[in-house]
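Please read the structure below before turning to the comments.
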Amino acid sequence: MLGPSVVPDHDGVTEPDRSFTPGSVLAAVPRWLRPQASLVLGNPVGDFLLRSASELFRVQIFDRAMTLAAQAFTSIFPILIMLGAFLGHRARDEMHEVLDVPQSSVKLIDDALSGSRSGAFGVVGALIVIISATGLARALTRSYRAIWPEAGRRAGAKATGWQILTVLMLVVFLILVRLLGWVAGMLPVPNVSGMVVTFVSDFGLAVLLPRVLLGPGLSRARLLATGLVFGVAMIGVRAVGSVYLPRALQASADRYGTIGLAFTFIGWFYVISFCLLLCAVIGYVLTSASSAAPASSEQS
Numbered sequence: 038m039l040g041p042s043v044v045p046d047h048d049g050v051t052e053p054d055r056s057f058t059p060g061s062v063l064a065a066v067p068r069w070l071r072p073q074a075s076l077v078l079g080n081p082v083g084d085f086l087l088r089s090a091s092e093l094f095r096v097q098i099f100d101r102a103m104t105l106a107a108q109a110f111t112s113i114f115p116i117l118i119m120l121g122a123f124l125g126h127r128a129r130d131e132m133h134e135v136l137d138v139p140q141s142s143v144k145l146i147d148d149a150l151s152g153s154r155s156g157a158f159g160v161v162g163a164l165i166v167i168i169s170a171t172g173l174a175r176a177l178t179r180s181y182r183a184i185w186p187e188a189g190r191r192a193g194a195k196a197t198g199w200q201i202l203t204v205l206m207l208v209v210f211l212i213l214v215r216l217l218g219w220v221a222g223m224l225p226v227p228n229v230s231g232m233v234v235t236f237v238s239d240f241g242l243a244v245l246l247p248r249v250l251l252g253p254g255l256s257r258a259r260l261l262a263t264g265l266v267f268g269v270a271m272i273g274v275r276a277v278g279s280v281y282l283p284r285a286l287q288a289s290a291d292r293y294g295t296i297g298l299a300f301t302f303i304g305w306f307y308v309i310s311f312c313l314l315l316c317a318v319i320g321y322v323l324t325s326a327s328s329a330a331p332a333s334s335e336q337s
């Protein structure tokens, strides 16, 4: 018999009263379709889809993904600009490769960076840029806390250090993935090798991010499930991005200039952020279902 699902309140980070239950879904279905709908909701696939939809609605995934996209743009790009100012034109060329910017758009970025010199930053300026970039880490922490019932690390200097590490890790990840893709291109069967390399990289990122931000108390099964789902999902996302992103950047640069590039990158960051949060929700639903099964069998 179908019963109401229990939704944790996650320490008040989300709205626990907003959830889809089999009863509420059946009430919205016409009477003549309710027997078929009951069969769908009663099987494991239907239960998984229902609980996933309930979790996605509860965590407000669209709003959180947009917040992460905006924070990623305003956190990662200033660090890349700072690196370009410190390291010069050669580093800028490497940044163009990392961002996969079309050649006609490279001049726009160079113009934006032409006024940036290492003297404009200095040690204090660099620290301000890095500390300001922790807004992305804090947004990620709030998102993971909304999805998983974890308190996370206590606020303080130590937590700020982990947040700085997270932002730097994301910047290194952008560069490392491009380098690994270049290495995979020299291996036998480069398409398969590149797919394996990016899968491992994305798997590691999805596991490390919540582990670093929330601390060591996370469920290992939940981390692994999230990493596996994200790694598989990003294979398709990267395939689409390799075709879509260069063309979108080219069209945006031709029509709107630098501001067009900014909006295109924010839009792509939104896609990646949505995928990251979606996979975290799926990992939570999968591991919650597997942990609830033994408990229900013991009660029976």
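The opening residue of the sequence shown carries number 38 in the numbering used here; numbering runs sequentially from there. Glycine included, C-beta positions come from ideal geometry on N, C-alpha and C.
Buried or exposed: residue i, going by 16 or more other Cβ atoms within 10 Å of its Cβ?
i: VAL266; result: buried
i: LEU242; result: buried
i: TRP185; result: buried
i: THR235; result: buried
i: ASP239; result: buried
i: PHE300; result: exposed
i: ALA192; result: exposed
i: PRO351; result: With the chain running from 38 to 337 in the structure shown, residue 351 is simply not present.
i: TYR293; result: exposed
i: ALA317; result: buried
i: THR295; result: exposed
i: ARG101; result: buried
i: GLY338; result: Since the displayed the chain opens at 38 and closes at 337, residue 338 lies outside it and no answer follows.
i: ASP54; result: Confidence at ASP54 is low in this model, with a pLDDT of 46, below 50, so the placement of that residue should be treated as unreliable; the coordinate-derived value is given next. Exposed, because fewer than 16 other Cβ atoms sit within 10 Å of the Cβ of ASP54.
i: SER341; result: Because the chain spans 38 through 337 in this model, residue 341 falls outside it and cannot be assessed.
i: PRO81; result: exposed
Could you tell me the alpha carbon to alpha carbon distance between residue i and residue j, rounded to whole angstroms?
i: GLY189; j: VAL308; result: 25 angstroms
i: THR324; j: ALA262; result: 8 angstroms
i: LEU211; j: ALA109; result: 12 angstroms
i: GLY222; j: SER89; result: 37 angstroms
i: MET103; j: PHE302; result: 12 angstroms
i: LEU205; j: LEU173; result: 11 angstroms
i: PHE19; j: SER112; result: Within the shown structure, residues of the chain are numbered from 38 to 337, placing residue 19 beyond reach of any answer.
i: GLU187; j: GLY252; result: 9 angstroms
i: VAL229; j: GLY254; result: 35 angstroms
i: ALA285; j: ILE165; result: 32 angstroms
i: MET271; j: TRP219; result: 18 angstroms
i: TRP199; j: VAL209; result: 15 angstroms
i: VAL161; j: LEU282; result: 35 angstroms
i: VAL9; j: PHE85; result: Outside the modelled stretch of the chain, which goes from 38 to 337, sits residue 9, for which no answer is possible.
i: LEU117; j: GLY83; result: 45 angstroms
i: GLY342; j: GLY278; result: The structure shown does not extend to residue 342, since the chain is modelled only from 38 to 337, so the question has no answer here.
i: LEU39; j: SER256; result: Any answer about LEU39 is weak, because its pLDDT of 42 lies below 50 and its placement is not dependable; what the coordinates show is given next. Roughly 28 angstroms separates the two Cα atoms.
Residue i and residue j look like a contact to me (Cβ under 8 angstroms); what is the Cβ gap, rounded to whole Å?
i: LEU177; j: LEU105; result: 7 angstroms
i: LEU250; j: ILE98; result: The Cβ separation is near 18 angstroms, so there is no contact.
i: ALA163; j: MET232; result: Incorrect: roughly 36 angstroms between the Cβ atoms, too far for contact.
Considering only residues of the same chain and omitting the five flanking positions on each side of residue i, which have a CB-CB separation below 8 angstroms?
i: TYR321; result: GLU92, ILE184, TRP185, ARG259 and THR263
i: ILE168; result: THR197 and ILE201
i: LEU213; result: SER238
i: PHE311; result: ILE98, PHE99 and ALA102
i: PRO115; result: VAL166, SER169 and ALA170
i: ILE319; result: SER89, ALA262, THR263 and VAL266
Leaving aside the five residues before and after residue i along the sequence, list all residues of the same chain whose C-beta is less than 7 angstroms from its C-beta, in chain order.
i: THR197; result: THR171
i: LEU207; result: ILE113
Which residues in the same chain have their Cβ closer than 6 angstroms to the Cβ of residue i, if we skip the five residues on either side of it in sequence?
i: LEU217; result: VAL234
Whole runs of the alpha helix (DSSP H) within the stretch 149-229, excluding any shorter than 4 residues = Correct list: 159-169, 171-184 and 194-221.
key: Segments assigned alpha helix (DSSP H), at least 4 residues, entirely inside the stretch 242-316   = Whole alpha helix (DSSP H) segments, 4+ residues: 257-293.
request  = Identify every run of the alpha helix (DSSP H) within the stretch 89-114, keeping only runs that are complete inside it and at least 4 residues long; order them along the chain.
outcome  = Within the stretch 89-114, no run of alpha helix (DSSP H) reaches 4 residues while sitting entirely inside it.
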